[in-house]
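A.B. asks: Here the UniProt record's numbering is used: position 95 in the sequence shown is 95, and no number is missing along the way.
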Amino acid sequence: MTEEQRIELEAAAFRRLVQHLRSRPDVQNIDLMNLAGFCRNCLWKWLKAAADDLSIELSVEQAREEIYGMPYDEWKSKYQKEASPEQRAAFEKSSKP
């Protein structure tokens, strides 16, 4: 496999992951964090950091929209639910070193 092919495959897999997360707004970010240690917010932050590293102009709002598929505030108002005490406790436990 060439370096170009590897990059194309990784990009395709990333796009597929983003599409999958967009199709599952019922899955809350805190659940993703508790189970996998990353969430949609991590993805947009990584995207923004990569853009910065490559000197590509990308605002925080643009990075969020790339991941969420809509403005972040709109996604939050439509889909984000208040975390339960159990979810918060699991997050606290999993985020400790």
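Even glycine gets a Cβ: it sits at the ideal position worked out from N, Cα and C.
Note that this is a predicted model, so its numbers are computed, not measured.
Could you spell out the range, first to last residue, of the alpha helix (DSSP H) harbouring residue 101?
C.D. replies: In the structure displayed, the chain extends from 1 to 97; residue 101 sits before or after that span and is not available.
A.B. asks: Could you check where the alpha helix (DSSP H) with Ile7 kicks off and where it finishes?
C.D. replies: 3-22
A.B. asks: Would you say Lys48 and Leu58 are within 8 Å of each other, going by their C-beta atoms?
C.D. replies: yes
A.B. asks: Which runs of the alpha helix (DSSP H) fall wholly inside the UniProt domain "SMc04008-like" (27-93) and span at least 4 residues, in chain order?
C.D. replies: 29-36, 40-53, 60-68, 72-79
A.B. asks: Using 8 Å as the cut-off, can you tell me whether the region 3-14 makes contact with the region 63-78, which would need three or more C-beta pairs spanning the two stretches below that distance?
C.D. replies: No: fewer than three Cβ pairs fall under 8 Å.
A.B. asks: Take Arg88 and list the residues in its own chain whose beta-carbon comes closer than 8 Å to its own, dropping the five residues that flank it on each side.
C.D. replies: Ile30
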